[in-house]
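Let me begin by presenting the structure, written as structure tokens, before commenting on it.
Residue numbers (our numbering): 107 to 931.
As structure tokens, this is what we get:
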């Protein structure tokens with residue numbers, strides 16, 4: 107049985123598109139089935155509270171009828187009859203109804219309409235109270251049973267192993283909880299707090315498509331014209347084919363710092379120039395410089411005057427040659443070279459360190475390979491070998507007890523060598539939490555798609571990507587125009603780092619606001635097209651309906667979106683849109699055929715003008731890394747060290763922003779460069795990068811319907827709630843009150859049972875089953891922290907497309923597309 111039944115019968119698709127999908131793609135899936143979250147809900151309680159809510163709604167309708175129609179009519183009748191006593195009694199009754207105080211009407215000459223309306227109101231309130239009372243009894247019965255299911259789920263050995271890899275500290279808390287509750291006894295507030303954390307981990311394992319260990323293994327796929335239906339390899343019991351354990355970058359950096367702090371080691375480390383140092387060789391030297399000298403500047407620090415020998419040392423400091431070797435190159439003695447290098451270190455122009463490469467998969471190996479051959483370095487070399495053996499043992503073991511022992515040994519060794527703590531960021535998403543991490547080759551790979559599948563994705567994505575280019579073009583053209591004016595004011599040329607500061611200052615004056623206003627008008631026009639056809643929940647447009655809003659720039663483009671498939675023939679679902687080529691990051695390390703992968707992605711270099719012009723700004727690695735040694739262009743070192751050979755890296759201080767034919771251009775020592783990506787929060791990078799594909803986030807206030815363009819859901823239904831909007835949930839007095847408040851919000855706003863909630867306090871959205879008490883507690887916590895965004899789970903829990911032997915799994919495909927718009931190159 108195939109794991110991908112829905113694609114087996116996809117019809118062939120015709121039509122041309124500007125964007126074409128590369129043959130290689132990546133399947134990202136949760137390592138645990140979504141069923142891991144089953145049985146945690148209280149369905150009968152939810153049903154009873156829903157009935158209570160409907161009864162309260164019915165009561166409000168009856169109350170409004172009394173206040174707006176029935177009682178005013180009764181007043182008129184009694185006034186005509188001159189019955190003052192009845193009018194006074196009716197006034198008291200109206201006051202009670204207005205204050206929602208149910209009471210029997212006092213004796214009086216009341217009309218049948220008044221009595222009937224009053225009975226409808228109080229009867230509905232009685233029904234609501236009865237359902238609420240029943241819900242309280244049901245919650246008392248259901249919640250402990252659901253909590254037991256939750257505890258059983260986190261008691262599974264595979265779940266415990268996953269928790270261990272995410273946060274050993276939390277696993278220790280679970281173990282202590284188990285010991286504490288083994289003798290029985292009632293659940294306490296402490297137990298409930300632990301359950302909320304357990305739910306947080308389970309939703310991460312069963313509803314998130316992370317690239318982490320065996321619960322987020324790397325799975326590659328290919329478009330294969332020779333297959334007629336989706337084909338996959340065999341499953342394994344663990345879901346992976348192999349494991350590999352790596353030293354975290356931060357741990358390798360700590361190792362490097364410890365080794366470089368030993369004087370005998372440090373003296374032999376090759377000096378390297380700080381990449382952000384700008385060298386100014388001016389013909390107009392004063393006496394302090396001497397002939398052939400210049401000035402070195404680090405942004406934010408005073409300039410450093412250099413004589414000819416100092417300038418030559420700074421230029422020659424490549425991180426490969428020692429101080430003595432540099433002296434020989436410059437023409438000064440070893441002692442003089444050491445003295446000058448030490449002085450330049452004090453000005454921060456040079457540094458001697460063992461900083462690991464931010465592009466390597468094995469940063470500790472990089473550190474060890476660069477250790478000088480002195481006795482003091484032997485300790486670090488031997489300890490690294492010992493740590494490597496522990497990592498191999500860790501990868502071979504799968505049991506938590508043994509892995510715990512191995513990790514403890516590794517951490518003890520690490521702390522003895524570095525003096526740094528071996529734990530940090532426990533439980534945080536997308537952060538290296540301890541000194542090692544594990545990634546895995548998935549089973550069932552390579553996934554093979556028929557060509558019809560790729561054509562369907564291309565056809566669905568093409569109009570959306572062109573819209574994304576249109577919006578991005580407005581901003582890109584505006585940024586480049588501002589950059590051109592700024593450069594013209596400075597004679598047509600600036601050091602790149604000074605340009606970055608000057609450009610940021612120019613933007614801070616509001617110079618970019620008119621461009622954003624134009625972009626905002628375009629975005630609003632696009633949103634209004636959708637809202638004009640919305641039924642309140644879904645807005646569907648054919649691509650032709652927005653053709654007049656589509657005006658992409660000409661040229662070559664790259665994009666890597668996440669796409670989800672739903673069961674049946676429902677539209678595809680668009681996730682995040684990425685600018686990264688996954689073949690140039692850590693994921694490439696797990697490709698079944700790296701040579702084939704490199705061949706597949708080679709054509710994308712056209713987007714940047716070829717290998718010679720492509721360049722990426724390299725900051726110090728924070729996590730696994732989105733760019734690695736497989737990147738084919740030039741690394742621009744800023745705060746990170748590339749480790750690339752000569753000719754494949756350049757210091758940021760050696761770049762200049764210039765005007766060429768009236769347009770801004772970034773140039774290095776070997777000519778012009780085109781930046782790999784330009785992040786949204788770095789406008790100075792976007793000036794020199796290709797136009798990105800950036801489909802805008804469309805918001806229509808507190809509620810935005812699901813937006814569908816042709817065969818693609820471009821945006822899930824979403825609720826953007828300001829701080830305090832969920833006050834009833836935040837202020838709930840007890841568990842039943844919270845459950846009732848959540849039910850009321852669901853009914854009022856139309857939330858589905860499964861949603862994702864994103865708060866400024868969280869890195870990634872949290873999957874919430876709103877019938878689960880622990881999820882409701884999370885919702886309350888997130889809502890209390892500030893503004894909150896709620897979006898529907900789509901594909902829904904019942905329409906998940908990927909089915910494995912363990913059940914349905916959440917999944918997404920990261921595909922890569924290149925586009926060419928305009929006449930052929």
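Beta carbons: idealized from backbone N, C-alpha and C, even for Gly.
All values derive from a computational prediction rather than experimental measurement.
- Query: Does the distance from the CB of residue 148 to the CB of residue 252 come in under 8 Å?
  - Reply: Result yes, Cβ atoms of residue 148 and residue 252 sit closer than 8 Å.
- To the nearest angstrom, report how far apart residue 486 and residue 516 are at their CA atoms. Answer to the nearest angstrom: the Cα atoms are 14 Å apart.
- Message: Using a 10 Å radius around the Cβ and a threshold of 16 neighbouring Cβ atoms, would you call residue 885 buried or exposed?
- Response: Buried, because 16 or more other Cβ atoms sit within 10 Å of the Cβ of residue 885.
- Query: Do residue 214 and residue 195 have their CB atoms nearer than 8 Å?
  - Reply: Going by C-beta atoms, residue 214 is nearer than 8 Å to residue 195.
- CB-CB length for residue 138 against residue 312, believed under 8 Å: Residue 138 to residue 312, Cβ: 5 Å. Contact.
- Apart from the five residues on each side of it in sequence, which residues of its chain come closer than 6 Å, Cβ to Cβ, to residue 690? Listed in chain order, the non-local C-beta contacts of residue 690 below 6 Å within the same chain comprise 733, 736, 737, local neighbours out to five positions each way being set aside.
- Short Cβ contact (8 Å threshold) for residue 551 with residue 326: For residue 551 and residue 326, yes; Cβs fall inside 8 Å.
- Task: For residue 668, I'd like the list of residues in its chain whose CB is within less than 6 Å of its CB, leaving aside the five on either flank, ordered along the chain.
- Result: Non-local C-beta neighbours of residue 668 in its own chain, meaning closer than 6 Å and more than five positions away in sequence, comprise 681, 682, 918, 920, ordered along the chain.
- Would you check if the distance between the CB atom of residue 208 and the CB atom of residue 239 is smaller than 8 Å? The answer is no: Cβ separation not under 8 Å.
- Message: Quick check on this structure: which residue in 512, 845, 623, 231 has the alpha carbon closest to the alpha carbon of residue 270?
- Response: Residue 270 has its Cα closest to that of 512, out of 512, 845, 623, 231.
- If you count every other CB in all the chains shown that lies within 10 Å of the CB of residue 467, and 16 or more means buried, which is it? With at least 16 other beta carbons inside 10 angstroms of its own, residue 467 counts as buried.
- Using a threshold of 8 Å, state whether the C-beta atoms of residue 371 and residue 483 are closer than that. Cβ atoms of residue 371 and residue 483: closer than 8 Å.
- Item | Segment contact, 8 Å Cβ cut-off, at least three pairs: the stretch 893-902 with the stretch 803-823 | A contact is defined here as three or more CB-CB pairs under 8 Å, and the stretch 893-902 meets this definition with respect to the stretch 803-823.
- For residue 600, does the three-state DSSP call read helix, strand or coil? In the structure shown, residue 600 adopts extended strand secondary structure according to DSSP, grouped into three states.
- Item | Rounded separation between residue 216 and residue 158 - CA only | In a straight line, the C-alpha of residue 216 is about 29 Å away from that of residue 158.
- Cα-Cα separation between residue 107 and residue 266, rounded to whole angstroms: With a pLDDT of only 31 at residue 107, under 50, the local geometry of the prediction cannot be trusted, and no value is derived from it.
- Could you tell me the distance, in whole angstroms, from the CA atom of residue 730 to the CA atom of residue 866? Whole-angstrom Cα-Cα distance: 23 Å.
- Query: residue 341 lies in the beta strand (DSSP E); which residues open and close that run?
  - Reply: Here residue 341 belongs to no beta strand (DSSP E), and DSSP marks it neither H nor E.
- Message: Just to check my reading of the structure: residue 709 and residue 924 have Cβ atoms closer than 8 Å, yes? What is that Cβ distance to the nearest angstrom?
- Response: The pair is a contact, with the Cβ atoms about 6 Å apart (cut-off 8 Å).
- Cβ atoms of residue 460 and residue 366: under 8 Å apart, would you say? With contacts defined by Cβ atoms closer than 8 Å, residue 366 and residue 460 form a contacting pair.
- Message: As a quick exercise: from 791, 530, 626, 696, pick the residue whose alpha carbon is nearest that of residue 772.
- Response: Checking every option, the nearest Cα to that of residue 772 belongs to 791.
- Item | Residue burial classification, residue 839 (beta-carbon count within 10 angstroms, cutoff 16) | Label assigned to residue 839: exposed.
- Query: Among 481, 449, 301, which has the Cα closest to the Cα of residue 369?
  - Reply: It is 481.
- Query: DSSP on residue 391, reduced to helix/strand/coil?
  - Reply: Residue confidence is low: residue 391 scores 46 on pLDDT, short of 50, so the model does not pin down where it sits. Its coordinate-derived value is still stated next. Reduced to three states, the DSSP call for residue 391 is coil.
- Query: The beta strand (DSSP E) with residue 873 in it runs from where to where?
  - Reply: From DSSP, the beta strand (DSSP E) with residue 873 extends over 872-875.
- Pair within 8 Å by beta-carbon distance, residue 618 and residue 584: Cβ distance < 8 Å, so residue 618 and residue 584 count as in contact.
- Do the stretch 538-550 and the stretch 335-353 touch if we need at least three Cβ pairs shorter than 8 Å? Yes, they touch.
- Use the C-beta contact count for residue 167: other C-beta atoms within 10 angstroms, 16 or more gives buried, fewer gives exposed. Label assigned to residue 167: exposed.
- Query: How would you label residue 725, buried or exposed, when you count the other beta carbons within 10 angstroms and need 16 or more for buried?
  - Reply: When all chains shown are included, residue 725 counts as exposed.
- Query: Excluding sequence positions up to five away, which residues of its chain have a Cβ less than 6 Å from the Cβ of residue 632?
  - Reply: If the five residues before and after residue 632 are omitted, its C-beta is found closer than 6 Å to the C-beta atoms of 655, all from its own chain and listed in chain order.
- Query: What first and last residue would you give for the alpha helix (DSSP H) that runs through residue 625?
  - Reply: 619-638 is the extent of the alpha helix (DSSP H) around residue 625.
- Task: Return helix, strand or coil for residue 825, following the three-state DSSP convention.
- Result: Secondary structure of residue 825 (DSSP, three-state): strand.
- Comparing alpha-carbon positions, which option in 824, 143, 788, 890 lies nearest residue 611? Comparing Cα-Cα distances from residue 611 to each of 824, 143, 788, 890, the minimum goes to 788.
- Own chain, CB closer than 8 Å to residue 436, minus 5 neighbours either side, in chain order: The beta carbon of residue 436 is closer than 8 Å to those of 415, 418, 419, 422, 443 in its chain, skipping five residues each way along the sequence.
- Message: So the candidates are 599, 580, 576; which of them puts its Cα closest to the Cα of residue 653?
- Response: Checking every option, the nearest Cα to that of residue 653 belongs to 576.
- Counting contacts by CB-CB distance shorter than 8 Å, is residue 181 in contact with chain B? Looking for chain B here will not work: only one protein chain is present.
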